[in-house]
Structures are given as C-alpha cells and as structure tokens.
Amino acid sequence: MLHNIPEPVKKRMNYLEKIDAEDRVNKTPRLERLRQIPPETGKLLSILAAGAPDGKFLEIGTSGGYSTMWIALACIERGIKIKTFEILEEKIKLAKETFRATKMAEHVELVEGDARDFLKQEKNISFCFLDAEKEVYNDCYDLIIPNMVKGGLLVADNAINHYDILKPMINKALSDERVDALIVPIGKGELLCRKI
C-alpha cells in the first residue's frame with residue numbers, strides 16, 4: 014500500500030503539501046488554511062485503517078482531501094469507501110478536485126455539512142479520523158464512541174499541539190472504560206482510542 018502509492022496521488026499530495034506550507038508562511042487566515050496533517054501521520058492513518066475491523070470508515074474535517082487520500086489508500090486495498098465531512102465551501106471544492114485528480118472519487122463519499130448533524134445515524138463505525146475545529150471534538154467523541162464496533166479505532170489529531178483546548182476530551186477518553194486510549198507522539202500528536 015505505502016510502497017505503491019499511485020503517481021496521481023503522490024502528485025496531488027505534493028501539491029497540497031505546497032499549498033499548506035505557503036499558507037503557513039503567508040499568514041493565511043486560520044479558517045482558510047488547509048492545516049493538514051504531516052506525511053508521517055498520513056502513513057500512520059493508512060496502516061491503522063488497513064488493520065481496522067470491518068465497518069464504516071469516517072473522517073470529520075476533509076479540508077483539501079489530503080488525509081482522506083491516506084485513508085483511502087487503505088480503503089482501496091479493502092474494497093470499501095470512506096465517508097468524509099466538510100463544512101467550508103472552498104475546502105469542499107478543493108477536496109472534490111483532489112478526488113477527481115487522483116481517481117479516488119469512487120472510494121470517497123464527501124458529505125457537505127456539519128458532521129454532528131449526521132453522526133447519530135452512523136452505526137458500525139470501525140475507523141474514524143477526527144481533524145476539525147477543536148471546539149467540536151468533545152461532541153464528536155460523544156457521538157462516535159457509542160456507535161463504534163468492537164476494536165474500532167478513533168484517531169483525533171492535534172492531541173499535543175492543541176492539548177490545552179482538547180484536554181477535557183482527552184481526559185474523558187483516557188478515563189473512558191469503553192476504550193483503550195493513548196496519545197501517540199507523531200505529527201501534531203494523535204489521540205488513539207480503540208473500542209473495547
């Protein structure tokens with residue numbers, strides 16, 4: 014999977030990495046920036062998703078589709094789709110371009126809107142990557158965990174670099190007897206929760 018990433022995917026990843034780097038240098042307003050994960054976090058997501066139990070794959074916070082591509086590599090290998098949620102119109106447009114350019118559109122369902130409005134209906138979740146505005150993490154956690162299959166994985170980004178904001182949700186996860194949880198010091202810090 015990681016040894017044979019298709020060329021269109023590599024090309025698009027490089028393109029989005031360049032935009033992300035420019036956003037940081039140019040002081041692009043926070044909500045307009047891609048704020049995407051680093052490649053090593055993407056590789057971790059691919060490996061975790063490839064080994065997750067059977068069930069639905071979700072992503073909350075599509076942005077330009079960078080992390081979606083990493084997860085979709087596992088979906089392609091497994092013959093399944095990922096459902097990803099995004100609110101911001103410009104990012105939805107960029108993500109659609111990403112999925113067309115990489116020929117991953119058939120493995121991705123892009124939902125336009127607030128994931129919290131849809132998560133109650135999502136059952137049998139086996140993998141979820143949470144990388145949205147930090148203020149929604151706690152709500153998303155409360156909606157996702159009860160609907161996860163045994164062995165299902167929730168990965169929440171920014172557990173180290175936004176620890177102060179995420180502390181209530183992180184502490185909840187670390188003490189939640191429904192999951193085994195820890196913070197993995199890769200990228201910006203990933204809170205990894207496995208449903209018991």
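With the first letter of the sequence shown counted as 1, position 182 gets the number 195 in our numbering; the numbers rise by one all the way through.
The beta carbon of each residue, even a glycine, is placed where N, CA and C say it ideally should be.
Small disclaimer: the values here were computed from a predicted structure and weren't measured.
Of the listed residues the options, nearest to residue i (C-alpha basis)
i            : options                        : result
proline 181  : Gln49, Asn151, Glu190          : Asn151
leucine 58   : Met117, Leu123, Asp144, Leu47  : Asp144
lysine 136   : Val149, Glu122, Leu195, Leu156 : Leu156
lysine 31    : Pro52, Glu90, Met14            : Pro52
alanine 65   : Gln49, Leu86, Leu205, Gly164   : Gly164
arginine 207 : Pro198, Arg191, Leu44, His175  : Arg191
Residue span of the alpha helix (DSSP H) that contains residue i, given as start and end
i              : result
arginine 207   : Run containing arginine 207: none in the alpha helix (DSSP H); it sits in the beta strand (DSSP E), 203 to 208.
isoleucine 138 : Unbroken run through isoleucine 138 is the beta strand (DSSP E), 138 to 143; no alpha helix (DSSP H).
leucine 156    : 150 to 157
Rounded distance between the beta-carbons of residue j and residue i, thought under 8 angstroms
i              : j             : result
glycine 78     : alanine 34    : Going by Cβ atoms, the distance from glycine 78 to alanine 34 rounds to 17 angstroms, so no, they are not a contact pair.
isoleucine 100 : aspartate 127 : 6 angstroms
threonine 54   : methionine 82 : Not a contact, Cβ separation roughly 12 angstroms.
threonine 97   : leucine 123   : 6 angstroms
alanine 172    : leucine 166   : Alanine 172 to leucine 166, Cβ: 14 angstroms. No contact.
Reduced DSSP secondary structure (H/G/I, E/B, other) of residue i
i                : result
phenylalanine 98 : strand
alanine 65       : coil
phenylalanine 70 : strand
glutamate 30     : helix
Boundaries (first-last residue) of the beta strand (DSSP E) holding residue i
i             : result
alanine 169   : 161 to 170
aspartate 193 : 192 to 197
serine 122    : First, the residue type needs correcting, since residue 122 is glutamate and not serine in the sequence shown. Looking at the DSSP string, the run of the beta strand (DSSP E) that includes glutamate 122 is 121 to 125.
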